[in-house]
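Take a look at the structure below.
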Amino acid sequence: MDHTVRLWDLRVATCSGVMNVTGKPVVAFDPEGLSSLVGVQSEQVKLYDLRSYDKGPFTCEWTSLRFSPHGKYILLSTNGRVLRLLDAFNGTPLQTLSGQLNNKGIPIQGSFSPDSQFIISGSTDGRIHVWKAEDGNKVCVLNGGHAGPVQCVEFNPSFMMMASACSHLNMWLPNLSTPEATPT
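One rule links them: number in our numbering = place in the sequence shown (from 1) + 51.
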């Protein structure tokens, strides 16, 4: 072992890039082939953009880890523009969730719906983003009715109710007459 991670393009004879690491590395690629996780010494995990891996790992910090209600997923929230969904049993990256705005580098905590089917996150523009956990596709973007960054969104584990918060709190109830939820 030469303490490197090498990126290969099978169309050329030499490696496309080399990352020097300390210790024994492990690597995983996201399903879209845009980013990789590099783990070193069972202590660190760094996320790289494969299109610009030479710039080093993403600089966003991890801000929270959450288990899904059914215990099969772990949601990793950051102070950047992505959330990561991991397999809770082996740590394999399953989805990279993006599209929410975080231009202030603040911690924005994601959460799960009570049935573990959806992931919800706020954004610095006051909106709330919803993704399907199974495939990472964005389902909708809700107008949160917030003037500031929505840093926390939580579902009630027993009832169909959601709360979102910036400097004030909004409670969300389903509106049975229309398919869209509205803050109260």
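The beta carbon of each residue, even a glycine, is placed where N, CA and C say it ideally should be.
Note that the structure is a prediction, hence the values are computed from the model and not measured.
**Message:** Quick check on the DSSP output: the beta strand (DSSP E) that includes residue 113 runs from which residue to which?
**Reply:** Against the sequence shown, residue 113 aligns to sequence position 62. 113-118 is the extent of the beta strand (DSSP E) around residue 113.
**Message:** Per the DSSP calculation, residue 136 is bridged to which residue(s)?
**Reply:** Position 85 of the sequence shown holds residue 136. Residue 136 pairs with 126, 146.
**Asked** Which first and last residues belong to the beta strand (DSSP E) in which residue 193 is found?
**Response** In the sequence shown, residue 193 corresponds to position 142, counting from 1. Its beta strand (DSSP E) spans residues 189-194.
**Request:** Find the nearest neighbour of residue 153 within the set 171, 146, 81, 176, judged by alpha-carbon distance.
**Result:** Counting from 1 along the sequence shown, the entry for residue 153 is found at position 102. Minimum Cα distance to residue 153 is reached at 176.
**Request:** Could you tell me which of 138, 193, 214, 76 sits nearest to residue 150, measuring between CA atoms?
**Result:** Reading the sequence shown from its first residue, position 99 is the one you call residue 150. Per the Cα distances, 193.
**Request:** Output yes or no for whether 7 Å exceeds the beta carbon distance between residue 129 and residue 114.
**Result:** Here the question's residue 129 lines up with position 78 in the sequence shown. Here the question's residue 114 lines up with position 63 in the sequence shown. Cβ atoms of residue 129 and residue 114: closer than 7 Å.
**Item:** Backbone CA spacing between residue 170 and residue 164 [nearest angstrom]
**Value:** As a position in the sequence shown, residue 170 is number 119, starting the count at 1. As a position in the sequence shown, residue 164 is number 113, starting the count at 1. About 6 Å.
**Message:** Please identify the residue among 218, 214, 219 whose C-alpha is closest to the C-alpha of residue 225.
**Reply:** The residue labelled residue 225 in the question sits at position 174 within the sequence shown. It is 214 whose Cα lies nearest to the Cα of residue 225.
**Prompt:** Looking at C-alpha atoms only, which residue of 99, 155, 112, 136 is the closest neighbour of residue 183?
**Reply:** Sequence index remark: in the sequence shown, residue 183 carries index 132 (1-based). When each option's Cα is compared against that of residue 183, the closest is 136.
**residue 216 - containing beta strand (DSSP E), residue span** = As a first step, residue 216 is located in the sequence shown; it is residue number 165 there, counting from the start. It spans 213-216 - the beta strand (DSSP E) in which residue 216 sits, taken as one unbroken run.
**Asked** Which one of 208, 84, 91 has the shortest CA to CA distance from residue 100?
**Response** Start at 1 with the first residue of the sequence shown, and residue 100 comes out as number 49. It is 84.
**Request:** Run through the stretch 62-101 for me and flag every whole beta strand (DSSP E) of 3 or more residues, listed as ranges in chain order.
**Result:** 68-71, 76-80, 86-91, 95-100
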